[in-house]
Amino acid sequence: MRTEVARGLAAALPRESLLVEREDLKPYECDGLSAYRETPLAAVIPANEREVAEVLAVARSTRTPVVARGAGTGLSGGALPLADGILVSLAKFNRIVAIDVLGRKARVQPGVTNLRISQHAAPHGLYYAPDPSSQIACSIGGNVAENSGGVHCLKYGLTVHNIFRVRAITSEGDVLEIGSEALDSAGYDLLALATGSEGLLAIILEVTVKLLPKPETAQVVMASFASIESAGEAVAGVIGAGIVPAGLEMMDKLATRAVEEFVHAGYDLDAAAILLAESDGTREEVADETAKMIEVMRACGATDIRCSRDEAERLRFWSGRKAAFPAVGRISPDYYCIDGSIPRAALAPVLRRIEELSAGCGLRCANVFHAGDGNLHPLILYDANVPGELEKTERFAADILEMCIEYGGTITGEHGVGVEKINQMCIQFATPELAQFHAVKAAFDPQGLLNPGKAVPTLHRCAEMGAMRVHAGKLAHPELPRF
Ligand SMILES: Cc1cc2nc3c(=O)[nH]c(=O)nc-3n(C[C@H](O)[C@H](O)[C@H](O)COP(=O)(O)OP(=O)(O)OC[C@H]3O[C@@H](n4cnc5c(N)ncnc54)[C@H](O)[C@@H]3O)c2cc1C
């Protein structure tokens, strides 16, 4: 380790909070995108704000880059360490500071897991709505940094719609209190800017989240379809009928088969695709909405429809969807999860094209996704030990993301850009837009110390890739309705 960094960190932190030995650094080598790994110069586990500030002072004086890490479940390489950098784990920031039952909010430290907030609020009849499938492990700091979503975000919004305030420290050591508990506040919307900033602007030290009253009841409709197209039509039909389900998810045959063997959720193994659509609210609202969704699904050719009869069955139907990623991990040595968004109208042609690409490159691809908000999660199955397979997977993934842009969508729905989608940023955004991203970064982090090389590509990198940007006015699929 570079001596001045070592000396500075040793002075800033208790001995047990500084890791420098290779075997101690092993657990920090990657996040959920385990195809990419790096050993940091050092990992630190500060216990309070003063220690974070001191680590940042060492980083400033030695010009050492810093990568913040929550639980390391990110899927785009955002928490991937840098070989010449300090990894800052927020694991010790794990306190729920206060719950305001009347105000329906909670102040929590960034290392608190997503699920723990709801568990803590449950005795008060409250919960925190955004529910990534990784919620048992992922941290609220990571959720804010990625603007994470989940099954229930179709109705209740993403992380950005469910937080009031963030307390954060910049690389310059300035502590910022951003956001407000009012519906609007003066000045630029820095809360929205910080949400989804992937650790590039500041280190999050505390988050005030919104809590919602737990719905009286919830029910899931599980519908089978003989083709992806008819399932896609049913998704459009449900939304078109003016219904906003609490969740509207699709899984294709490869995914349901993998999941069923793993968790026995009761999925139809003959269906080309299944939809899981949840309604929540009062008993009357749920009965009415469920009946309407069933009617739409029948009209769109559902071959089988089942409704959860009690809470245990509802959770069983969801258990498969929530365990889909690990289930796919059981049928393949490695998998690569893509995250792109498209307009709902493009679901059928995009899924058909993914099938063609999969056949073309000889890699299987399972689809499990937030169909209601057009957020795709193709899971490419590959074997990293087979020479060339990772590169083939990367090309396949890039083709899918570029297709999302062509169809008027975006390269991320909820997992962020990280290192994974950095090249596609050059395609989605033009030079003046990227220049503004860099200007924002420089305003918060003038030395460029926080998570450099992630999320926003250099203009030089984009120039090297050539003029690849797809212009919004010249999308490749004019046949699709646009608004
Ligand atoms: C099985 C599985 C299922 C998943 N399902 C979903 C899903 O349904 N929806 C979804 O949106 N995501 C999902 N994810 C992705 C991941 O869980 C989320 O992106 C999550 O928000 C990451 O949180 P984390 O604490 O693990 O963050 P990390 O992976 O540690 O970090 C993610 C990013 O946040 C930054 N960061 C972390 N903490 C801070 C902080 N305190 N201050 C500043 N920056 C910080 C890091 O630098 C990095 O850029 C899933 C992942 C897995 C493995």
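Residue numbers for the sequence shown follow my numbering, beginning at 8 and rising by one. Glycine is no exception: its CB is placed at the ideal position from the N, C-alpha and C atoms.
query                                                                                                                                                : result
Hey, quick one: how far does the beta strand (DSSP E) through R9 stretch, first residue to last?                                                     : Taken as a continuous stretch (DSSP letters only), R9 belongs to no beta strand (DSSP E), as it is neither H nor E.
Cβ of R114 within 7 Å of any heavy atom in ligand 1?                                                                                                 : no
Less than 8 Å between C-beta atoms, sequence neighbours within five positions excluded: which residues of the same chain meet that for R111?         : L133, K217, L218, L219, P220
Go ahead and pull the three-state DSSP assignment for C314.                                                                                          : strand
Does ligand 1 have even one heavy atom less than 7 Å from the beta-carbon of G164?                                                                   : no
Could you pull out every unbroken beta strand (DSSP E) segment of at least 3 residues lying fully inside the stretch 256-312, listed in chain order? : 280-288
Could you tell me the alpha carbon to alpha carbon distance between E256 and E28, rounded to whole angstroms?                                        : 44 Å
Between E297 and A278, how many whole angstroms is the CB-CB distance? I'm expecting something under 8 Å.                                            : Here residue 297 turns out to be Thr, not Glu, going by the sequence shown. The Cβ separation is near 20 Å, so there is no contact.
Can you tell which of V115, E440, R323 has the C-alpha that lies nearest to the C-alpha of A128?                                                     : V115
May I ask whether a heavy atom of ligand 1 can be found less than 7 Å away from the beta carbon of P34?                                              : no
Extract the residue ranges of the beta strand (DSSP E) inside the stretch 120-190, only unbroken runs of 3 or more that lie entirely within it.      : 170-176, 182-186
I need the boundaries of the beta strand (DSSP E) containing R359, first residue and last residue.                                                   : Taken as a continuous stretch (DSSP letters only), R359 belongs to no beta strand (DSSP E), being part of the alpha helix (DSSP H) at 354-368.
Determine whether the beta carbon atoms of T224 and R328 lie at a separation below 8 Å.                                                              : no
If the criterion is Cβ atoms closer than 8 Å, does the pair C411 and G347 meet it?                                                                   : yes
Counting C-beta neighbours from all protein chains within 10 Å, is the total for I124 16 or more, i.e. buried, or is it exposed?                     : buried
Strictly by DSSP, which residues pair up with M229?                                                                                                  : L283, R313
Go to F376, then tell me how far its alpha helix (DSSP H) extends in each direction, as first and last residue.                                      : From DSSP, F376 is part of no alpha helix (DSSP H) but of the beta strand (DSSP E) over 372-376.
Rounded to whole angstroms, what's the CA-CA distance from I143 to E421? Just pull it up for me.                                                     : 17 Å
Since A334 contacts F269 with CB under 8 Å, what's their CB separation in whole angstroms?                                                           : 4 Å
What did DSSP end up calling V51 once you bin it into helix, strand or coil?                                                                         : strand
Hey, would you say S231 sits closer than 8 Å to A309, going by beta carbons?                                                                         : yes
Identify every residue that forms a DSSP beta bridge with T46.                                                                                       : DSSP output for T46 lists no bridge partner at all.
Where DSSP assigns a beta bridge to A105, which residues make up the other side?                                                                     : R114
Start and end of the alpha helix (DSSP H) containing L197?                                                                                           : 197-201
Return yes when the C-beta of V422 is under 7 Å from any heavy atom of ligand 1, and no when it is not.                                              : Correcting the residue type first, residue 422 is His in the shown sequence and not Val. Correct: H422 has its Cβ closer than 7 Å to ligand 1.
For T80, is the beta carbon positioned less than 7 Å from some heavy atom of ligand 1?                                                               : yes
From E285, E471, D31, L20, pick the residue whose C-alpha is nearest to that of I250; which is it?                                                   : E285
Check the C-beta distance from V227 over to R316 and give it rounded, since I have them as a contact under 8 Å.                                      : In fact, because the Cβ distance is near 10 Å, the residues do not count as touching under 8 Å.
When the Cα atoms are used, what is the spatial distance from Y43 to A330?                                                                           : 23 Å
Terminal residues of the continuous alpha helix (DSSP H) containing D380?                                                                            : From DSSP, D380 is part of no alpha helix (DSSP H); its letter is neither H nor E.
Rank F171, H377, D295 by C-alpha distance to the C-alpha of G156 and give the top, closest one.                                                      : H377
For I361 and E179, I'd like the C-alpha separation in whole angstroms.                                                                               : 45 Å
According to DSSP, is E421 helix, strand or coil?                                                                                                    : coil
Measuring only the C-alpha atoms, how far is L96 from E184?                                                                                          : Reading off the sequence shown, one finds Ser at residue 96, where the question assumed Leu. For S96 and E184, the distance between alpha carbons rounds to 21 Å.
Does the Cβ of S140 lie closer than 7 Å to at least one heavy atom of ligand 1?                                                                      : yes
Starting from S217, follow the alpha helix (DSSP H) in both directions and report where the run begins and ends.                                     : The question names Ser, yet the displayed sequence has Lys at residue 217. Taken as a continuous stretch (DSSP letters only), K217 belongs to no alpha helix (DSSP H), being part of the beta strand (DSSP E) at 210-217.
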